[in-house]
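Participant: Encoded as structure tokens, here's the structure I'll be asking about.
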Amino acid sequence: MPTSPSPSGLSGAPRRLSGPILGILLMMLGIFLFSVNDALGKWLVGTYSVSMVLLFRSFAALVLLAPFIRRDGGLAGLRAAPKPLLQLTRVLLATIEVGCFYWAVRSLPLADVMTYYLAGPIYVAALSATVLKERIDRQRWIAILVGFVGVVFVLNPSAASLTPPALVAIAGSMIFSVLMIVTRQLRGTKDSTLLAFSTTAAMTAGAVTAPFAWVMPGLRDFALLSLVGIVALVASLCVNRSLKLAPASVVVPYQYTMILWAVLFGWLFFGDGLKWHVIVGAAIIVAAGLFIFLREQRDARAKPGETVAEEVGQTMSAQP
């Protein structure tokens with residue numbers, strides 16, 4: 096799952112097409128594309144190093160993103176980004192997180208990794224209380240604890256299951272949560288700028304490390320490596336537009352369909368079987384995440400202002 100927030104303002108849609116139904120359809124399309132992107136990435140890291148995938152996907156995404164960067168001020172706009180130290184922190188977190196995702200998905204079933212990442216809003220709700228000092232009521236603390244129980248179910252702790260890839264997947268999902276906290280502190284930064292920084296950093300990391308495990312791709316694989324970045328960016332556009340066309344409370348729950356696609360693609364393309372502890376854990380995590388999100392929605396109506404947990408609920412899937 097998945098690195099960067101949805102690039103708001105990077106796409107347009109005719110006014111006559113707006114509405115909750117189109118918002119739901121775009122959200123489902125975006126989640127489907129993210130799932131395709133994840134499955135394609137898992138297939139590619141079976142042949143190529145994580146570094147090569149980062150290099151090619153980031154370069155392709157940056158090419159597609161270039162017109163929007165130019166529209167928002169080009170290099171001058173990038174240099175004028177606020178809070179440089181926090182920007183650097185976010186870039187480092189985003190690069191490490193996406194590396195963790197691809198490393199984990201190389202060895203683990205797609206559904207397992209995606210389930211760990213579904214716990215992102217739960218981690219953020221906990222961090223919002225400890226780091227940002229946001230008020231968390233007892234019901235949400237209970238939901239947070241229940242969500243952690245779901246993660247334990249998925250991990251199914253034992254000598255056989257506590258493997259490095261599983262621990263990397265959990266670490267990646269936690270880093271993703273910290274990334275969202277940092278991103279919230281940079282909400283005054285244009286989304287094209289945030290995407291440009293994180294994409295360039297991932298491309299640089301890939302370029303520096305890829306030569307140590309280089310495998311020359313054929314023309315088909317070159318296209319597929321590039322397609323990973325393009326599909327992720329288009330998926331982000333769909334999710335972003337969905338959130339503009341319909342209330343978050345209507346469309347965000349559809350983000351959880353990613354686990355269905357992960358199970359289906361894992362079974363079709365990689366022969367992954369269904370495991371009872373993953374199914375139970377995923378159900379617990381989804382229920383806890385939805386409860387937290389709906390509580391945030393209720394509180395937002397009573398007291399305007401977006402909290403971290405709600406924000407992550409809206410951007411949790413905008414990550415490769």
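Residues 96 to 415, numbered by the working numbering, are exactly what the sequence shown covers, in order.
Where a beta carbon is used, it is the ideal one built from N, C-alpha and C, also for glycine.
Computed from a prediction, not measured in an experiment: that's the story for all the values here.
#1: Do S337 and G169 have their beta-carbon atoms positioned less than 8 Å apart in this structure?
#2: Can you confirm whether the segment 191-202 touches the segment 244-253 when touching is taken to mean that 3 or more C-beta pairs between the two stretches lie within less than 8 Å?
#3: Just to check my reading of the structure: L173 and A291 have Cβ atoms closer than 8 Å, yes? What is that Cβ distance to the nearest angstrom?
#4: Exposed or buried, E192, counting other C-beta atoms within 10 Å across all chains shown (16 or more means buried)?
#5: Which two residues bound the contiguous alpha helix (DSSP H) that contains M298?
#6: Name the two residues that bound the continuous alpha helix (DSSP H) containing V208.
#7: Assuming A134 and F360 make a contact with CB atoms under 8 Å, what is their CB distance in whole Å?
#8: Hey, T184 and A300: beta-carbon distance below 8 Å or not?
#9: Taking K137 and L205 to be in contact with their CB atoms under 8 Å, please state how far apart those CB atoms are, rounded to whole angstroms.
#10: Which residue marks the beginning of the alpha helix (DSSP H) containing V244, and which one marks its end?
#11: Could you check the C-alpha separation between R233 and V247 for me, to the nearest Å?
#12: For V310 and V346, what's the separation of their Cα atoms in angstroms?
#13: Within 10 angstroms of its Cβ, does E229 collect 16 or more other Cβ (buried), or is it exposed?
#14: Tell me the rounded alpha-carbon separation between T225 and I276.
#15: Quick check on A214: buried or exposed, where buried means 16 or more other Cβ atoms within 10 Å of its Cβ?
#16: If you draw a straight line from the alpha carbon of V375 to that of F364, how long is it in whole angstroms?
#17: Taking buried to mean at least 16 other C-beta atoms within 10 Å of its own C-beta, is G141 buried or exposed?
#18: Report the rounded CA-to-CA distance for A383 versus P342, giving the unit in angstroms.
#19: Between L222, L257, F163 and R235, which lies nearest to L203 when the distance is taken from Cα to Cα?
#20: For the alpha helix (DSSP H) that contains M353, what are its first and last residues?
#21: With DSSP collapsed to three states, give me the class of E229.
#22: Taking just the CA atoms, how far does R166 sit from L369?
#23: Can you tell me where the alpha helix (DSSP H) with K339 in it begins and where it stops?
#24: Whole angstroms is fine: what's the gap from K178's alpha carbon to T295's?
Facilitator: Here's the rundown:
#1: no
#2: no
#3: 6 Å
#4: buried
#5: D286 to T304
#6: L205 to L213
#7: 4 Å
#8: At a Cβ-Cβ threshold of 8 Å, T184 and A300 do not count as neighbours.
#9: 6 Å
#10: R233 to L250
#11: 21 Å
#12: 41 Å
#13: E229 is exposed by the Cβ-count criterion.
#14: 11 Å
#15: buried
#16: 23 Å
#17: exposed
#18: P342 has its alpha-carbon roughly 20 Å from the corresponding atom of A383.
#19: L257
#20: M353 to F365
#21: In the three-state DSSP reduction, E229 falls in the coil class, being neither helix nor strand.
#22: One Cα belongs to L369, the other to R166, and the distance between them is close to 46 Å.
#23: L314 to L340
#24: 18 Å
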